[in-house]
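Sequence order for the protein chains is H and F.
Residue numbers for the first sequence, in the working numbering: 1 to 398.
Residue numbers for the second sequence, in the working numbering: 1001 to 1518.
We put the beta carbon where it would ideally sit given N, CA and C, even for glycine.
In this text, all values refer to a predicted model and were calculated from it rather than measured experimentally.
All remarks here apply to the structure that follows.
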Amino acid sequence: MNAGIAGNRGDSVRSDCYVKCTIGSVGGWEIEVESKVEAMYGASIRNLAEQILSYYEIEHAHMVIEDKGALPFVLAARLECAIKKVTAVEKPFLLPLINESLQRSTVDRYRRSRLYLPGNNPKIMLNAGLHGADGIILDLEDSVAPQKKFEARFLVRNALRHVNFGEAERMVRINQIPEGLDDLPYVIPYGVDLVLIPKCENADQIVQVNESICELLQVKESPIFLMPIIESAKGILNAYDIASAATNIVAIAIGLEDYSADIGAQRTVEGKESFYARSVVVNASRAAGIQPIDSVFSDVAKVGQLRKTALESRGLGFVGMGCIHPRQIGVINECYSPTVEELERAQKIVDAYNIALEKGEGVVSIGSKMIDPPIVKRALNVIRNADVLSKNRRNNHG
Amino acid sequence: MVKEVRNAVGRYIPEEINGKSVVPFQGVGKFRPTGRKFAPRIATCADYPNDGNKLVASLKEALVKAGLKDGMTISTHHHFRNGDLIANMVFDIAHDLGVRDLVWFPSASFPCHAHLISYLKDGTINRIEGSMNGPLGRFASEGGMKGVGVLRSHGGRYQAVQDGEVEIDIAIIAAPTADAFGNATGDRGPAACGLLGFALADSQYADKVIVVTDNLVPFPCIPWQIHGNYVDYTVVVDQVGIPEKIVSGTTQITKSPDRLLIAELTARFCDEVGIVKDGFSYQAGAGGTALSIGIYFEKILRERDIKARFIRAGSNQYPVQMLEEGVVDYILDGQTFDLEGVRSMRENNNHVNTSPFTSYNYHGKGNFASMVDVVILGATEVDVNFNANVVTHSDGVLLHGIGGWQNCLFAKCTILPVPLFRDRVPVIVDEVTTLCGPGELIDVIVTERGLAVNPSRTDLLEKLKETDLPVRTIEELKEEAEQICGKPAKPTFTDDVIAAIKWVDGTVIDVVRKVDRR
């Protein structure tokens, strides 16, 4: 008999579980639970398993659950996946939504730091929202082993609904198109703010993603933001086409590991090999009116070098970069935040703008100097984002 | 069945444990001892060699000469932590001699002592009066021990010996360096562990004292942390402890981002309420989070060019570096956790070895614990009344000792930095499984999702109003933990008491019952 298996086992596994499900034709339900939290949650785990079997109208099943302290949303994802591996049932099994996953993002919010979380590792998702990242990425692509791609979708879907990521923008990196289109039904209806499209090479891939989103949500225009990641020479040459392919694209990111390999270069700390590509991404993004975002810095221990790299990146025009560890978030946020001088200057411009508004004047000026509209707009943005930042800090802490 | 009475924190306590009557916990500072301290027999030099040579051929011979027999109380110490070889050796000998019903009175036990489970099973050992960690705790929780275990804090152990609650028949003090007279030190030798403070009470009050060493030096052994004048016999063995397992406390700063977050929040709290200032003092724990908090304190001190007056430790390389670079005046050390700590104690007069008598004994004329400005401690559970548990897990199984934890609660500000939940197990609960420390002594709980201040600390709450620290109520934290994890069921127990939890004054604050495995 076929067994449906999902989840992880082994001594180092924590906050996760392993489920093995076989469906038979006689004998009713047999549910074996071995849990390190048996005394506190053994009954609750059995209840959940029974609830899911009832939900899918399965009358005869043998379930083995090895639990290492998985939270209910993790157990539910593993149980559902194990069942779906052995029987053709379509509908999702959803636990009640938490309120915090209802908040929505905005187009021009800060995207200084985005923290990558492997999509099949529940342990590190639980507190990911506490470290101050502007965005968290539940990753279905490179950090998930091929044989785990299917089960990761259920975990990511449930994480979107049940983990409080605080003020962070909730992002999912799907797999490369076309495979990534199959990830969309698991994320689009469930509260994702932004979808990262990896290894993006042309505008058509954006169109395909948007068509899927619109179909899934039965809408004409996608309310969900996109951030294509350009990771190849071809992608760089099509950068502006990609950046301007749809109005729901809010940023373009560059992935330098793959890009360097693609052009036959070694990725270096100085980054001379990718200078052209990075500049193209900055220019294409700015031309399309969206945010250019830099790659990740992969040596977690080197905080000093991270700072240097982030400051250089900001100097090139980028507004943020990826994080592979929470320890990188603070430095990255700091490097991409406006400095005190920039804030003061922006405040002066905003004050002048407000005075002009009051007086009904069309021209904003400080002293005898006229301020151009784009500069006013940028200053307004800087101040508004700074307000949001300080408000977020208070909320995060209270 | 023994009658049970309700103590001052609402826990039901048998009136008698191990055939001795019990004083139930009466409240902090409420129990008043009367009478005089315990006194060992008067010895005379006429019975000891004039040349000071108390060496006997083997540990077995020393134990036989000390009169080892059924029912005796035998003490050992945890200076070698998980590298201890002597406790197991002592009970191997007792077992070979056919001695039964011994009471083992260690200052703490470690996983290396799981070897003794077979002696608890066959009746060589009746019970353990001391911490029961890991395998020993599980064995006791399942009802495997014949007598009832008794857990005491480091200070409570000194108090129990001083007050005569526990009469030690034979104390075996394993020493990294000693002379034939019995003078001993922990700061040098192949098994150097720093100090021998946990054996102080035993040397002073035990009927017979045996010093065991693998590094015998000619008289005098300087410094003499243990005075030979208390010692009956000295023994040389090949090895007293495994060096690499001796200094094995958690001496790494945590890399866990979640714990770093808690550490940073704790340090910010201490700073913003004005605890971190010139001349302040703190207790540095051994855990990764506590270590990291120490690093944050150090950073603040250096930035402002101010100094701490003393650190109570658990020392390791970090406080040592602070001492050597003048960021702190003194380390008052109870145990050293790495070789840097051992070296510093040996070389630096301002790195002082302390004992449970000076630091923790509640039946003395004061102690150091209450003079510390801030102490950082752990807990397995904390409840909405700020009561905390350090000995059992939420499934009811006994897995840890008390250590100096209860004694440290008397600091001016007691902070427990804990995660809101571990895996799926909430740490903030409605009622602790085992109550080891009353909430009135616990001031602040810091979690990754905010901190809660004991409502009785209106002074701290007032200061926090001026800050943007994430202050929550303890109930809110409990609610959030249950929202994430689900409401935990309570473990089920039988009526059988497997261990008593003593308070620092010798009263019983709670008991641990046998887990029900139905």
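Would S1394(F) pass as an interface residue toward chain H - the criterion being a Cβ-Cβ separation below 9 Å? yes
Interface partners of A76(H) on chain F, CB under 7 Å: Per Cβ cutoff of 7 Å: no residues; A76(H) is ~12 Å from chain F at best.
Under 9 Å, do M1072(F) and L1102(F) count as touching if we go by C-beta distance? yes
Is the shortest distance between the beta-carbon of Y399(H) and the beta-carbons of chain F less than 9 Å? No answer is possible for residue 399(H): the residues shown for chain H start at 1 and end at 398.
Kindly list the residues whose CB is nearer than 6 Å to the CB of R9(H), restricted to its own chain and excluding five residues on each side of it in sequence; keep chain order. Y18 and E66
Interface residues of the segment 1421 to 1445 of chain F facing chain H [CB-CB below 8 Å]: R1422, D1423, R1424 and V1425
In terms of DSSP beta bridges, what is H62(H) paired with? T22(H) and E30(H)
Reduced DSSP category for Y1362(F) - H, G, I as helix; E, B as strand; rest coil: coil
Segment limits, beta strand (DSSP E) that includes V1103(F): L1102 to P1106
Sort P118(H), T22(H) and D11(H) by Cα distance to K85(H) and report the nearest one. T22(H)
Compare the Cα-Cα distances from S1315(F) to each of E1325(F), S1292(F) and A1286(F) and report the closest residue. A1286(F)
Could you check what DSSP says for N283(H) in three-state terms: helix, strand or coil? helix
Under the DSSP definition of a beta bridge, which residues are partnered with R1006(F)? Y1012(F)
Using a threshold of 9 Å, state whether the C-beta atoms of T1447(F) and P1417(F) are closer than that. yes
Compare the C-beta of M125(H) against all C-beta atoms of chain F and say whether one is closer than 9 Å. no
For A243(H) and chain F, any beta-carbon pair shorter than 9 Å? no
Strictly under 9 Å for the Cβ-Cβ distance: is V1023(F) near chain H by that measure? no
Three or more C-beta pairs below 8 Å linking the segment 1300 to 1310 of chain F and the segment 1272 to 1289 of chain F: yes
A159(H) by DSSP, collapsed to three states: which one? helix
Alpha carbon to alpha carbon, what distance is there between G1450(F) and A444(H)? Residue 444(H) lies beyond the stretch modelled for chain H, which goes from 1 to 398, so this question has no answer here.
By the DSSP assignment, the beta strand (DSSP E) with R170(H) in it spans what residues? E169 to R173
Kindly indicate the opening and closing residues of the beta strand (DSSP E) around Y1282(F). S1281 to A1284
Closest residue to G1274(F) among T1044(F), D1373(F), G1137(F) and R1036(F) (Cα-Cα distance): D1373(F)
Quick check on L1216(F): does DSSP put it in helix, strand or coil? strand
Going by DSSP, what residues sit across from E312(H) in a beta bridge? Bridge partners of E312(H): none, in fact.
Just the chain F side, please: which residues come within less than 7 Å of L414(H) by C-beta, in chain order? Here chain H covers residues 1 to 398 and nothing more, so residue 414(H) does not appear.
With which residues is Q266(H) paired in a DSSP beta bridge? According to DSSP, which records beta bridges pairwise, Q266(H) is partnered with nothing at all.
Going by beta carbon distance, what residues of the same chain come within less than 6 Å of I206(H), once the five residues before and after it are set aside? A245 and A246
Within the segment 1449 to 1515 of chain F, ranges of the alpha helix (DSSP H) (whole runs, at least 4 residues): 1458 to 1464 and 1474 to 1485
Interface partners of P1491(F) on chain H, CB under 7 Å: A39
Rounded to the nearest angstrom, what separates E273(H) and N333(H) at their Cα positions? 25 Å
Continuous alpha helix (DSSP H) stretch holding Y1233(F): start and end: Careful: Y1233(F) lies outside any alpha helix (DSSP H), inside the beta strand (DSSP E) at Y1233 to V1236.
Which whole-angstrom value describes the C-beta separation of V331(H) and L306(H), a residue pair presumed to lie in contact below a C-beta threshold of 8 Å? 5 Å
Whole angstroms are fine: how far does the CA of K91(H) sit from the CA of N396(H)? Confidence at N396(H) is low in this model, with a pLDDT of 44, below 50, so the placement of that residue should be treated as unreliable; the coordinate-derived value is given next. Looking at the two C-alpha atoms, the distance is approximately 35 Å.
Would a check of beta-carbon distances place R1513(F) closer than 9 Å to chain H? no
When F165(H), E221(H), N120(H) and R161(H) are compared against I174(H), the one with the closest alpha-carbon: N120(H)
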